[in-house]
Amino acid sequence: MSEPQTCEVLIAGAGPAGLQLARRLAQAGVSVVVVDPLQDLRQAAFSSAALPLSAVTAFKLPAHVQAARWRGWQLHGPDDAQRHWMADHDLGAVLDFGALRQWLAEQAVAAGARLQLGWAVRGWHTASGGAIASLRGAGGQEQAVECRWLVDATGQRRALLGEPPAAAGALVAGAGVEWLIQVPQAQWQPWAQRLSFMLGSQWVPQGYGWVFPMQPGQLKIGVCRLHDARREQPPLHQLLRQLQHRLDLAAAPVLDRHGGLIRSTIRRREPHQRGPLLGLGDAVSTGNLLGGEGIRHAMASSDVLAPLLLEALGGKLEALRGYAPRLRRRLGWRWSLSGRLARRTWIGLHNSAADQRLQRLLEGLQQKSSAEELSALLFDYRFERYGLKALPYVLGWR
Ligand SMILES: Cc1cc2nc3c(=O)[nH]c(=O)nc-3n(C[C@H](O)[C@H](O)[C@H](O)COP(=O)(O)OP(=O)(O)OC[C@H]3O[C@@H](n4cnc5c(N)ncnc54)[C@H](O)[C@@H]3O)c2cc1C
58 MSEPQTCEVL IAGAGPAGLQ LARRLAQAGV SVVVVDPLQD LRQAAFSSAA
108 LPLSAVTAFK LPAHVQAARW RGWQLHGPDD AQRHWMADHD LGAVLDFGAL
158 RQWLAEQAVA AGARLQLGWA VRGWHTASGG AIASLRGAGG QEQAVECRWL
208 VDATGQRRAL LGEPPAAAGA LVAGAGVEWL IQVPQAQWQP WAQRLSFMLG
258 SQWVPQGYGW VFPMQPGQLK IGVCRLHDAR REQPPLHQLL RQLQHRLDLA
308 AAPVLDRHGG LIRSTIRRRE PHQRGPLLGL GDAVSTGNLL GGEGIRHAMA
358 SSDVLAPLLL EALGGKLEAL RGYAPRLRRR LGWRWSLSGR LARRTWIGLH
408 NSAADQRLQR LLEGLQQKSS AEELSALLFD YRFERYGLKA LPYVLGWR
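Residue numbers for the sequence shown follow our numbering, so the first one is 58 and each next one is one higher.
Structure follows, in structure tokens:
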């Protein structure tokens, strides 16, 4: 191997978290390198990428990364009934995840970051004044990079940080499979402008199904299920096929098949730093299991880390001690409640008693809530509106 290359910050992973951090640091004049085994960031767009409008606005996401806007909810319950909640204005967007990554990468590169695609960080060790990371290219070639700070932004894989210690609490995992399908305009229309979920053990035991609109004529159809080692679980592809048939979408050509995992600890007490190594995004459990979403939380972790890392680069190393607590504050006190609720709701959804509970919840929501209130529940985790006294029961504490 030749002499190591050098940079101030090396980021492993060109997902929303890594790219947002690269953009912010490069804008501040830091020399940043981002490495990812993907050859093309528009490919392997594994995420459904539904977001509330507040995130679209906060991160100034341009129109070309938004495949569709949504303004309502359509929930298919265990009884097969469809319930609708529609607002008179947009409530969010479904992104083209590949386009989002590509746009973030362009922004980072324009600000001065270097992007090294087709390379993975395989290991690292501490060195005087930072770390030396070993990289491997798609053709097996090797390279060393010396940096002051190394960032694990490899998502739920946690390729550098490794698995969270047992003391950080249980790691809850959900596996999702999604297909991008092509449908005639008339068949696309009923799914347009809304996020549709299929809820109940007869749809997806221990999980849920969904249909999201993309640009006219395209839909994302998917299933997600939480892992439960105590129970035999049907294959996800089989559940997705059943969903397609029940929704009369089986004839639609499949344009892309993708999927992945979301894995987070509920309490988020894992270490966010080990010497010169810092964790970011899903690598430190910013993926939320309730709605299976984490793009905005991953990007928020970058916004929290960036100013602290700039202080550390300026010599104030102790600034980084504030990273984990600040990120916890940014995610809010409702965060771990939402994780508990996710575990209880989805893992428990495997029999008719759970279906009946869900059915009652959907009926209650239909009577009491507007589309905006449903968004506040599912994206802002505002459970207390439904009665703080009921929370211990909802969460299974009593
Ligand atoms: C099926 C599914 C549906 C989802 N739907 C939604 C949704 O609707 N809305 C939402 O907000 N979120 C959704 N999510 C979650 C969301 O995609 C993630 O929370 C988000 O992508 C996390 O961003 P990240 O940057 O932390 O990690 P990632 O996006 O996972 O990026 C990690 C990157 O690291 C790279 N990498 C891996 N190993 C290495 C290595 N050794 N060296 C260098 N790079 C490496 C990977 O190639 C990848 O590009 C979904 C996830 C799944 C699986």
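No residue lacks a Cβ here, since even glycine has one placed at the ideal position from N, Cα and C.
{"Item": "Quick one: Cα of Thr63 to Cα of Ile319, how far?", "Value": "33 Å"}
{"Item": "Please report the straight-line C-alpha distance between Ala69 and Ala79, rounded to a whole angstrom.", "Value": "10 Å"}
{"Item": "Is the beta carbon of Gln131 closer than 8 Å to that of Gln139?", "Value": "yes"}
{"Item": "Could you have a look at Gly34 and say whether DSSP puts it in helix, strand or coil?", "Value": "It is not possible to answer for residue 34, since the shown part of the chain is limited to 58 through 455."}
{"Item": "Can you check the segment 213–297 for any beta strand (DSSP E) of at least 3 residues that lies completely inside it and give the ranges in chain order?", "Value": "228–239, 252–256, 264–270, 275–283"}
{"Item": "Look at the alpha carbon of Gln301 and the alpha carbon of Leu435, and state the distance between them as a whole number of angstroms.", "Value": "25 Å"}
{"Item": "Less than 8 Å between the beta carbons of Gln159 and Val90, yes or no?", "Value": "no"}
{"Item": "If you compare alpha carbons, which of Gly194, Leu218, Leu388, Cys204 is closest to Gly351?", "Value": "Leu388"}
{"Item": "Less than 8 Å between the C-beta atoms of Trp206 and Leu335, yes or no?", "Value": "yes"}
{"Item": "Would you list the residues sitting across from Thr47 in a DSSP beta bridge?", "Value": "This structure cannot settle anything about residue 47, because the visible part of the chain is limited to 58 through 455."}
{"Item": "What residues in its chain sit with their C-beta under 6 Å from that of Gly180, if we drop five residues either side in the sequence?", "Value": "Ser191"}
{"Item": "Which value, in whole angstroms, describes the spacing of the CA atoms of Ala71 and Ser409?", "Value": "43 Å"}
{"Item": "Distance check for Arg215 and Asp93, CA to CA, integer angstroms please.", "Value": "13 Å"}
{"Item": "On the three-pair Cβ rule with 8 Å, is the segment 403–417 touching the segment 274–288?", "Value": "yes"}
{"Item": "Below 8 Å between beta carbons: does that hold for Ala107 and Gly149?", "Value": "yes"}
{"Item": "According to DSSP, is Ser191 helix, strand or coil?", "Value": "strand"}
{"Item": "Residue ranges of each beta strand (DSSP E) run of no fewer than 3 residues wholly in the segment 326–369, ordered along the chain?", "Value": "334–336"}
{"Item": "Compute the Euclidean distance between the alpha carbons of Ala411 and Leu431, then round it to the nearest angstrom.", "Value": "20 Å"}
{"Item": "Should Leu304 and Ile238 be called a contact, given that it needs their Cβ atoms to be closer than 8 Å?", "Value": "no"}
{"Item": "With distances taken Cα to Cα, identify the nearest neighbour of Leu167 among Ala309, Arg391, Gln84, Gln416.", "Value": "Per the sequence presented here, residue 167 reads as Ala, with Leu not at that position. Among Ala309, Arg391, Gln84, Gln416, the Cα nearest to that of Ala167 is on Gln84."}
{"Item": "Pull up the distance between the alpha-carbon of Ala309 and that of Ala225, whole angstroms please.", "Value": "44 Å"}
{"Item": "Quick one: what's Pro119 bridged to in DSSP?", "Value": "None, per the DSSP bridge assignment."}
{"Item": "Taking the DSSP output, what are the residues bridged to His141?", "Value": "Gln131"}
{"Item": "Mark Arg455 as exposed unless 16 or more other C-beta atoms lie within 10 angstroms of its C-beta, in which case mark it buried.", "Value": "The predicted model places Arg455 with a pLDDT of 42, which falls under 50 and marks its position as unreliable, so this point remains unresolved."}
{"Item": "So the candidates are Pro119, Ser426, Asp136; which of them puts its Cα closest to the Cα of Gly257?", "Value": "Asp136"}
{"Item": "Straight-line CA distance for Ala165 to Ala74?", "Value": "12 Å"}
{"Item": "Can you tell which of Ala232, Trp236, Gln200, Phe116 has the C-alpha that lies nearest to the C-alpha of Ala102?", "Value": "Trp236"}
{"Item": "Roughly how many angstroms lie between the CA atoms of Pro449 and Leu418, to the nearest whole one?", "Value": "Confidence is the limiting factor: at Pro449 the pLDDT is only 49, short of 50, which leaves the residue's position unreliable, though a coordinate-based value still follows. Whole-angstrom Cα-Cα distance: 16 Å."}
{"Item": "Looking only at its chain, what residues have a beta carbon closer than 7 Å to the beta carbon of Gly212, apart from the 5 residues adjacent to it on each side?", "Value": "Gly70, Gly72, Gly338, Asp339, Ala340"}
{"Item": "Closer than 7 Å by C-beta to Gly453: which residues in its own chain qualify, once you throw out the five before and the five after it? Chain order, please.", "Value": "With a pLDDT of only 49 at Gly453, under the threshold of 50, the placement of this residue in the model should not be trusted; the figure read from the coordinates follows. Hits under 7 Å: Arg401."}
{"Item": "Which same chain residues end up closer than 6 Å to Tyr438 when comparing Cβ atoms and leaving out the 5 residues on each side of it in sequence?", "Value": "Arg391, Ser395"}
{"Item": "Any idea what DSSP makes of Ala149, helix, strand or coil?", "Value": "According to the sequence displayed, residue 149 carries Gly and not Ala. Looking at Gly149 - three-state DSSP - the assignment turns out to be strand."}
{"Item": "In whole angstroms, give me the CA-to-CA distance for Gly348 and Leu398.", "Value": "11 Å"}
{"Item": "Are the CB atoms of Ala268 and Trp248 nearer to each other than 8 Å?", "Value": "The amino acid at residue 268 is misidentified as Ala; the sequence shows Val. Yes, the Cβ-Cβ distance between Val268 and Trp248 is below 8 Å."}
{"Item": "Which class does Thr63 belong to by DSSP, given the choice of helix, strand or coil?", "Value": "strand"}
{"Item": "Between the Cα of Gln96 and the Cα atoms of Trp176, His121, Leu415, Gly134, which residue gives the shortest distance?", "Value": "Trp176"}
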